[in-house]
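For the sequence shown, UniProt numbering gives the first residue as 1, with consecutive numbering after it. C-beta: ideal position from N, C-alpha, C; glycine also. To keep things clear, I will list the structure first and then write my remarks on it.
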Amino acid sequence: MTGSAGDEPAVAPAVHLVVVTFNRSVYLRGLLDSVLGLDPAPAGVTVVDNASTDDTPAVLAAFGARAPFPVQVERLPVNSGGSGGFRDGVSAALTATTPGTAGWLWLMDDDVVAVPDALAAIAPFLADAGAVHGRRWDEEGRPFFWQHRFSTWLGVPLPVPGNVFRHGPVMRTDVGCFEGMFLNRSTAERLGPPDGRFFLTWDDAIYGWLISRTEPVTYVDRYVLRKVRPQRHVDLGVRHLNDSSDLSRYHVMRNRGHVARYLQTEGCWSRPGFAVGTALTAAKELVRLLFVEHGLRGAVPLWRGWRNSRTILHDPAWTPEMGLPEMGT
């Protein structure tokens, strides 16, 4: 694995940004300003506007006029969620670029800002992986917790406690996070874009897991993004839990159906283990409701999501929308 502490500075590879936004023009403006401050600059930017109804089109037009690199805007007719946005964004970026103009795609939401030297900092780690994740600061300037490995028996990512960088700057993981994932272009071409059916949540975790079946997925000790949207949270020791929404809670449970189907496709599904993982997922959301949001009114979307996950799990017409040809059973 490249990127050891003693490596010589690497030349930053050509990176094309993929940003998904929906009705958060204030945050989007800050993100795009930070992109203009990147040194080195990106090779280009694709922004997916998920049918925003605020002044997002004007913000994007002003950004395109200022940017010294290519900018393309994909405006969707309806809000397709983060999953649909990244599906269309990755597809558009692959179509608009070539391996010579962009070897990597950097995926992110609209409520972050880029650290000015992010591309230089991440460059030594982009030589031999399918996906790489840099670190993030939270909105209060503290390290944002993201260090997980996927339990195929449970079908959930589990937090890895402690200092995962105590022996070096690279942690091998097997899940993804679209808030900052650097995606190898060749990997994206083989795997295909993300599965838009997830709408919200689980899509990036499964995308990273599928990549890890054949290629390294890493988390590295270099800060590349800073969150700017405040969120209520509670410190549980091994991790923080942030506030959520009924829409997100619904999809956390509903998308367990898609997670199960991908595990089945890869020959990794355990019925009893997955049931335990689903119970743990529901319990985590109930803890979030009680200790972060101080109520249980959001329990109904959890129930509805779980019920609809059963429909997906038993749908005879379900087929995977992403996966490497050499995978599967």
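Around the beta-carbon of residue 275, fewer than 16 other beta-carbon atoms lie within 10 Å, marking it exposed. Bounds of the alpha helix (DSSP H) holding residue 251 are 246-254. Counting the other Cβ atoms within 10 Å of the Cβ of residue 303 gives fewer than 16, which makes it exposed.
For residue 74, the uninterrupted beta strand (DSSP E) segment begins and ends at 71-75. For residue 280, the closest alpha carbon among the candidates 156, 313, 246, 266 is that of 156. Bounds of any beta strand (DSSP E) do not take in residue 86; it lies within the alpha helix (DSSP H) bounded by 81-96.
Contact between the region 208-220 and the region 102-118 is absent: fewer than three C-beta pairs spanning the two stretches fall below 8 Å. In the DSSP assignment, residue 286 is bridged to no other residue. Residue 184: member of the beta strand (DSSP E) spanning 181-184, first to last residue. The beta carbon of residue 257 sits closer than 6 Å to those of 309, 312, 313, all from its chain and outside the five residues before and after it, given in chain order.
Under DSSP, residue 45 forms a beta bridge with 17, 71.
Residue 114: member of the beta strand (DSSP E) spanning 112-114, first to last residue.
Judged by their CB atoms, residue 94 and residue 180 are not nearer to each other than the 9 Å cut-off.
Residue 189 counts as exposed, since fewer than 16 other beta carbons sit within 10 angstroms of its beta carbon. According to DSSP, residue pairing for residue 219 in a beta bridge involves 133, 171.
Of the residues assessed, residue 46 falls on the buried side of the cut-off, its CB having 16 or more other CB atoms within 10 angstroms. The alpha-carbon of residue 253 is positioned some 39 Å away from that of residue 41.
Excluding sequence positions up to five before and after residue 74, its CB lies within less than 6 Å of the CB of 48, 88, 92, all in the same chain and listed in chain order.
Around the beta carbon of residue 101, a 10 Å sphere encloses fewer than 16 other beta carbons of the protein chains shown; the residue is thus reported as exposed. The residue from 147, 85, 122 with its alpha-carbon nearest to that of residue 201 is 85. The region 142-159 makes contact with the region 259-266, as at least three CB pairs between them are under 8 Å. Between residue 83 and residue 203 a beta carbon distance of about 4 Å is seen, short of the 8 Å cut, so the two are scored as contacting. Ranked by Cα distance from residue 139, the options 112, 163, 287 are led by 112. When only Cα atoms are considered, residue 105 and residue 169 end up about 21 Å apart. Using a 10 angstroms sphere on the CB of residue 288, the tally of other CB atoms reaches 16 or more, which defines it as buried.
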